[in-house]
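When we follow the numbering used here, the leftmost residue of the sequence shown carries the number 3, and every step to the right adds one.
C-beta: ideal position from N, C-alpha, C; glycine also.
Remember, predicted model here, so these are calculated numbers, not experimental data.
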Amino acid sequence: MSLHFNLLTLFPEMFPGSLGSSLAGRALERGDWSYRCTDIREYGEGVHKSVDDTPYGGGAGMVMKADVLEKALLASKDEGARRIYLSPRGKVLNQAFVKELSAAPALTLLCGRYEGVDQRFLEAHDFEEISIGDYVLSGGEPAALILMDSCIRLLPGVMGNVDTADNESFGAGADGLLEYPHYTRPSMWVDAQGIEHSVPEILQSGNHAKIDEWRKAQSLEITRMRRPDLLQKD
Ligand SMILES: C[S@@+](CC[C@H](N)C(=O)[O-])C[C@H]1O[C@@H](n2cnc3c(N)ncnc32)[C@H](O)[C@@H]1O
Numbered sequence: 003m004s005l006h007f008n009l010l011t012l013f014p015e016m017f018p019g020s021l022g023s024s025l026a027g028r029a030l031e032r033g034d035w036s037y038r039c040t041d042i043r044e045y046g047e048g049v050h051k052s053v054d055d056t057p058y059g060g061g062a063g064m065v066m067k068a069d070v071l072e073k074a075l076l077a078s079k080d081e082g083a084r085r086i087y088l089s090p091r092g093k094v095l096n097q098a099f100v101k102e103l104s105a106a107p108a109l110t111l112l113c114g115r116y117e118g119v120d121q122r123f124l125e126a127h128d129f130e131e132i133s134i135g136d137y138v139l140s141g142g143e144p145a146a147l148i149l150m151d152s153c154i155r156l157l158p159g160v161m162g163n164v165d166t167a168d169n170e171s172f173g174a175g176a177d178g179l180l181e182y183p184h185y186t187r188p189s190m191w192v193d194a195q196g197i198e199h200s201v202p203e204i205l206q207s208g209n210h211a212k213i214d215e216w217r218k219a220q221s222l223e224i225t226r227m228r229r230p231d232l233l234q235k236d
């Protein structure tokens, strides 16, 4: 099972970016995932290869043109791909949604720039809008990289330990809660000011039932303190 990303962007040089390193980079080399960029600029109009125009109704900024975007999309040959426009107006990405997206064979990711894209293009070609959070970026490329990273790490074989995704924050094994705190050697760490910090004793006890219990309690407490909204979901 592999996942293909079909990227529509004005900045193809931004890919694979950080995804060419580490876990995702090795997975790319193995063929667990692949990507192809279509440079929207190539389908621009006139000598300046213009891709945008002023908004109907007035207002600041420029809007990416439907005809240019359509030519780029059709040239990308994205048959069978789920079409996504990265947009602050979209459904906000979360781990359950990432899991669903990572099961698709291919995702077309449209990276917006300027004020956004002509609405008619999105509707005519069945794009769903996905946001990576309630803040505004200058372009869709960093949002696409984040969405891609979150999907790639869930592909079979990409993470060494198959339990990892389920047990970390928002995972099924963690009941959708935030993760418990981690510690590693040494068991007593003395910081630069000479203050001693020990690892909680229970984690050194070897009693796995008690350790699980402690971790669950920590998860619940951290979630209650930091993200009480996660506890209110059914
Ligand atoms: C400057 S933003 C446009 C913001 C738009 N005028 C608005 O107010 O909703 C340019 C592009 O960045 C991308 N973008 C910005 N914030 C985003 C977010 N939170 N999630 C996903 N994409 C985002 C989108 O592709 C968008 O078309």
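Alpha carbon of SER46 to alpha carbon of SER52, nearest angstrom: For this step, residue 46 is matched to residue 44 along the sequence shown. For this step, residue 52 is matched to residue 50 along the sequence shown. The question names Ser, but residue 46 in the sequence shown is Gly. C-alpha separation (whole angstroms): 5 Å.
Rounded distance between the beta-carbons of LYS93 and ILE132, thought under 8 Å: The residue you call residue 132 lines up with position 130 of the sequence shown. The residue you call residue 93 lines up with position 91 of the sequence shown. At roughly 6 Å, the Cβ-Cβ gap stays under 8 Å, so ILE132 and LYS93 are in contact.
Of the residues GLU72, ALA74 and ASP136, the one placed nearest LEU95, counting alpha carbons only: Here the question's residue 95 lines up with position 93 in the sequence shown. Looking at the Cα atoms, ASP136 is the closest of the given residues.
Complete beta strand (DSSP E) runs within the stretch 119-161 (minimum length 3 residues, chain order): 130-133
Through-space distance from ARG122 to ALA68, alpha-carbon basis: Taking the first residue of the sequence shown as 1, we reach residue 68 at position 66. Taking the first residue of the sequence shown as 1, we reach residue 122 at position 120. Going by the C-alpha atoms only, they are around 7 Å apart.
Reference ASP55, options VAL49, ASP41, ARG91 and VAL70, closest by Cα: By one-based count along the sequence shown, residue 55 stands at place 53. Out of VAL49, ASP41, ARG91 and VAL70, VAL70 has the C-alpha closest to the C-alpha of ASP55.
Closer than 7 Å: LEU139 CB and nearest ligand 1 heavy atom: In the sequence shown, residue 139 corresponds to position 137, counting from 1. For ligand 1, at least one heavy atom lies less than 7 Å from the Cβ of LEU139.
Backbone secondary structure at HIS6 - three-state DSSP: Here residue 6 refers to the residue found at position 4 of the sequence shown. DSSP places HIS6 in strand when its eight states are reduced to three.
Candidates GLU170, ARG32 and THR11: closest to LEU111 by CA position: Counting from one through the sequence shown, the residue named residue 111 turns up at place 109. Ranking the options by Cα distance to LEU111, first place goes to THR11.
Residues near TYR182 by beta carbon distance below 6 Å, same chain, minus five either side: What you label residue 182 is simply residue 180 of the sequence shown in a count that begins at 1. Answer for TYR182: ARG217, GLN220 and SER221, listed in chain order.
Short Cβ contact (8 Å threshold) for PRO158 with MET3: For the purposes of this step, residue 158 is taken as the residue at position 156 of the sequence shown. For the purposes of this step, residue 3 is taken as the residue at position 1 of the sequence shown. A Cβ-Cβ contact shorter than 8 Å links PRO158 with MET3.
Three-pair Cβ contact test at 8 Å for the stretch 58-65 versus the stretch 80-89: no
Close Cβ partners of ASP120 (< 8 Å) along its chain, the five nearest in sequence each way excluded: Position 118 of the sequence shown holds residue 120. If we look at ASP120 and ignore the five residues flanking it on each side, its Cβ neighbours are VAL65, MET66, LYS67, ALA68 and LEU71.
The beta strand (DSSP E) enclosing LEU71, as first and last residue numbers: Here the question's residue 71 lines up with position 69 in the sequence shown. No beta strand (DSSP E) contains LEU71, which is instead part of the alpha helix (DSSP H) from 68-78.
Heavy atom of ligand 1 within 7 Å of CYS153 beta-carbon: On the sequence shown, residue 153 is found 151 positions in, with the first residue counted as 1. Checking every heavy atom of ligand 1 against the Cβ of CYS153, none is found closer than 7 Å.
C-alpha gap between GLU198 and LEU205, whole angstroms: For this step, residue 198 is matched to residue 196 along the sequence shown. For this step, residue 205 is matched to residue 203 along the sequence shown. Their Cα atoms are separated by approximately 17 Å.
Any non-hydrogen atom of ligand 1 closer than 7 Å to LEU88 Cβ: Within the sequence shown, residue 88 is the residue found at index 86, counting from 1. Yes, Cβ of LEU88 sits closer than 7 Å to a heavy atom of ligand 1.
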